[in-house]
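First to last, the protein sequences are chains A and B. Per numbering that gives the first Met the number 0, the very first residue in the first sequence carries number 0; after that it's consecutive. Per numbering that gives the first Met the number 0, the very first residue in the second sequence carries number 0; after that it's consecutive. Working notes, beginning with the structure itself.
Number of protein chains: 2
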Amino acid sequence: MTFTEILRSVQQKQNSLLCVGLDTDPAKVPAVFRNAPDGMVEFNRRIIEVTADLVCAYKLNLAFYECRGEAGWGMLRRTLRHVPAGIVTIGDGKRGDIGNTSAMYAKALREDLGFGACTVNPYMGEDSVTPFLSAPEHGVFILAVTSNPGARDFQYLKVNGKPLYERVITRVKRWDAQKNCGLVVGATRPAELKRVRVLAPEMPFLIPGVGAQGGDLRQAVRHGCTKAGDLAVVNASRSVIYASAGEDFADAARKNALQLRDEMNRYREVYFR
Amino acid sequence: MTFTEILRSVQQKQNSLLCVGLDTDPAKVPAVFRNAPDGMVEFNRRIIEVTADLVCAYKLNLAFYECRGEAGWGMLRRTLRHVPAGIVTIGDGKRGDIGNTSAMYAKALREDLGFGACTVNPYMGEDSVTPFLSAPEHGVFILAVTSNPGARDFQYLKVNGKPLYERVITRVKRWDAQKNCGLVVGATRPAELKRVRVLAPEMPFLIPGVGAQGGDLRQAVRHGCTKAGDLAVVNASRSVIYASAGEDFADAARKNALQLRDEMNRYREVYFR
């Protein structure tokens, strides 16, 4: 199966477009986890336990683990073991380097850690991206239009009258022989999301930026989905995992995740049924 | 001191523009290190021992360590301990993410691992780069024109009649309030190197691509240096550390490093004295 097929089937089975971002920060988790042995992993395990029936994917931003060195790398690995089979795991590292080096990064994410998908930065071009694409069942979300303010510095620059991110998309489509490419498009950019869905009607989109970053959930679903109402992977991190810093953190996380899933499913009913 | 001042002083003291890339691959080191306890670090230690008087910097590409997980992260850390004080260390990870996440990456590189400089990918714009710039003594080499074939896919695209990489440079100059920004410009691109030096006359350049990638050493020095004949950091990885796979690997590495340093210093005499 290609990644696109896998994602479609997981979203159908789970009836969810929601991806929960496990960007776990010791400063923000409930106090009980802060100094507990393996507290970060235990926090993640609890979040996964109460949200696993509500999501199509978990996304782990590598920076939040990498900043703790060897220990953090171990946390990443042990967290992944708690994700039930049949849910997509996304290693969000935005890597990219010359060919032989990108191959090492792909190996780290796919073989060593066992992620089902990853994110890649396109600035260095084809030979920096293609090593990530060698396994059709492994998804590769390439940065197109990001959710942050700095997106405007380069991604929107006009190249032959069209923004740079459109050129990125044209190239990605060319590299997508195995149907395992996806695109990252921020929920904070609904007009661009709409345009990108026209350009890449059948590609998986990873859509960050709802919740703490302020992106509009309705537009993310409306413009992010394919005509079949799927393949948008809408990520929420802080708004779910830090829904409460108290003892009710798990209930609060589940409540917020449930609300996000259901709200998105309502929009799917409105726009795609 | 700013990173630019530090680099200038190290290059003067060491009388060298050479950076050795410790991109250590178990498949390529002499057999004796392959299965030895901490063999990769021991190999790196030996390379550092025989080249430390010949270089201004060591560059460690994180992918080569990251692909070994926790163990690799430990190798990175222990390798850095063997680098004598007064030599620049560059964590080559080409990271870049939204602001709060880039801050985590910066913390990993600067505080946790203790690198003196790093490389950053500019695609996500200002708020993805500036968290790396907060310590003036820490250098940040931002990708401008890379040495790989894929560089042409996006970096050369015309924006208002000028290549995208020129826009990157214009922006980097604006972000460089603390004089700790640098640029990555491939040695495989001498014409662009010349142009970039005109655009950024006093900025440190990290110049990969000589040796295995085929870049021209003479042009790297001629066009990569400032008018004072410095601030070009010319990286060689495979051509030094794998100079021989036999028992003479250390002698061969030193011989190649010495030759590179001396050849570069001859070009400095020719073009800058």
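For every residue, glycine included, the Cβ atom is placed at its ideal position computed from N, Cα and C.
Comparing C-alpha positions only, which one of the options sits nearest to residue i?
i	options	result
His81 (chain B)	B:Val40, B:Pro121, B:Leu53, B:Phe63	B:Val40
Gly285 (chain A)	B:Thr129, B:Val158, B:Ala150	Any property of residue 285 (chain A) remains undetermined from this structure, which presents chain A solely from 0 to 272.
Lys226 (chain B)	B:Phe248, B:Asn234, B:Arg196	B:Arg196
Val9 (chain A)	A:Asp229, A:Pro189, A:Asn120, A:Arg217	A:Asp229
Gly208 (chain B)	B:Val239, B:Asn179, B:Cys180, B:Arg194	B:Val239
Met263 (chain B)	B:Leu182, B:Cys18, B:Ile141	B:Cys18
Ile89 (chain B)	B:Pro203, B:Gly38, B:Leu198, B:Ala251	B:Pro203
Ile141 (chain B)	B:Gly71, B:Gly38, B:Gln258, B:Ala199	B:Ala199
Cys126 (chain B)	B:Arg237, B:Gly138, B:Ser101	Note on residue identity: the sequence assigns Asp, not Cys, to residue 126 (chain B). When only C-alpha atoms are compared, the closest one is B:Ser101.
Gln358 (chain B)	A:Gly124, A:Ile97, A:Val184	It is not possible to answer for residue 358 (chain B), since the shown part of chain B is limited to 0 through 272.
Met103 (chain A)	B:Val171, B:Asp152, B:Gly71, B:Asp215	B:Gly71
Thr187 (chain B)	B:Val167, B:Leu163, B:Thr145	B:Thr145
Arg217 (chain A)	A:Arg77, A:Arg260, A:Ala51	A:Arg260
Arg7 (chain A)	A:Lys27, A:Ala56, A:Phe42	A:Ala56
Gly68 (chain A)	B:Arg267, B:Ser236, B:Glu110	B:Glu110
Leu16 (chain A)	A:Asn234, A:His137, A:Ala251, A:Cys180	A:Asn234
Ala252 (chain A)	A:Cys66, A:Pro25, A:Val54	A:Val54
Val31 (chain A)	A:Asp250, A:Glu246, A:Tyr270, A:Ala219	A:Glu246
Phe2 (chain B)	B:Asp24, B:Ile86, B:Glu48	B:Ile86
Identify the contact partners of residue i in chain B, using a Cβ-Cβ distance below 9 Å as the criterion.
i	result
Leu21 (chain A)	What Leu21 (chain A) touches in chain B: nothing, since even the nearest Cβ is about 13 Å away.
How would you label residue i, buried or exposed, when you count the other beta carbons within 10 angstroms and need 16 or more for buried?
i	result
Lys58 (chain A)	buried
Asn159 (chain A)	exposed
Arg265 (chain A)	exposed
Gln11 (chain A)	exposed
Ser133 (chain B)	exposed
Asn34 (chain A)	exposed
Lys157 (chain A)	exposed
Asn14 (chain B)	exposed
Glu4 (chain B)	exposed
Arg272 (chain A)	exposed
Met275 (chain B)	Here chain B has residues from 0 to 272 only, and residue 275 (chain B) is not among them.
Pro83 (chain B)	exposed
Thr118 (chain B)	buried
Asp152 (chain B)	buried
Asp175 (chain A)	buried
Ala26 (chain A)	exposed
Ala276 (chain B)	With chain B represented from 0 up to 272, any question about residue 276 (chain B) goes unanswered, as that position is not in the structure.
Using a C-beta cutoff of 8 Å, does residue i count as contacting chain B?
i	result
Cys66 (chain A)	yes
Asn234 (chain A)	no
Val82 (chain A)	no
Ala58 (chain A)	As written in the sequence, residue 58 (chain A) is Lys, which differs from the Ala given in the question. No, Lys58 (chain A) lies away from the interface with chain B (no Cβ there is under 8 Å from its Cβ).
Thr145 (chain A)	yes
Lys106 (chain A)	yes
Asp111 (chain A)	yes
Determine, using beta carbons only, whether residue i comes closer than 8 Å to chain A.
i	result
Ile97 (chain B)	yes
Met123 (chain B)	yes
Phe204 (chain B)	no
Met103 (chain B)	yes
Ala30 (chain B)	no
Name the chain B residues that come within less than 7 Å of residue i, Cβ to Cβ?
i	result
Gly149 (chain A)	Met123, Gly124, Glu125, Asp126, Ser127
Ile69 (chain A)	The identity of residue 69 (chain A) in the sequence shown is Glu, whereas the question assumes Ile. What Glu69 (chain A) touches in chain B: Glu69, Trp72, Gly73.
How would you list, in chain order, the residues of chain A whose beta-carbon sits under 7 Å from the beta-carbon of residue i?
i	result
Asn280 (chain B)	This structure cannot settle anything about residue 280 (chain B), because the visible part of chain B is limited to 0 through 272.
Asp152 (chain B)	Gly124, Glu125, Arg170
Kindly list, in the order they appear in chain A, the residues whose Cβ is closer than 8 Å to that of residue i.
i	result
Lys161 (chain B)	The premise fails here: Lys161 (chain B) is roughly 10 Å from chain A at the closest Cβ pair, so nothing lies under 8 Å.
Leu142 (chain B)	Tyr122, Met123
Ala62 (chain B)	Arg94, Asp96, Thr100, Ser101, Met103, Tyr104, Ala107
Could you work out which residues of chain B lie near residue i, taking near to mean beta carbons separated by less than 8 Å?
i	result
Val158 (chain A)	Leu156, Lys157, Val158, Leu163
Arg76 (chain A)	Gly68, Glu69
With 8 Å as the C-beta to C-beta threshold (strictly closer), list the residues of the segment 165–198 of chain A near chain B in chain order. Arg166, Val167, Arg170
Name, going along the chain, the residues of the segment 235–269 of chain A whose beta-carbon falls closer than 8 Å to a beta-carbon of chain B. none
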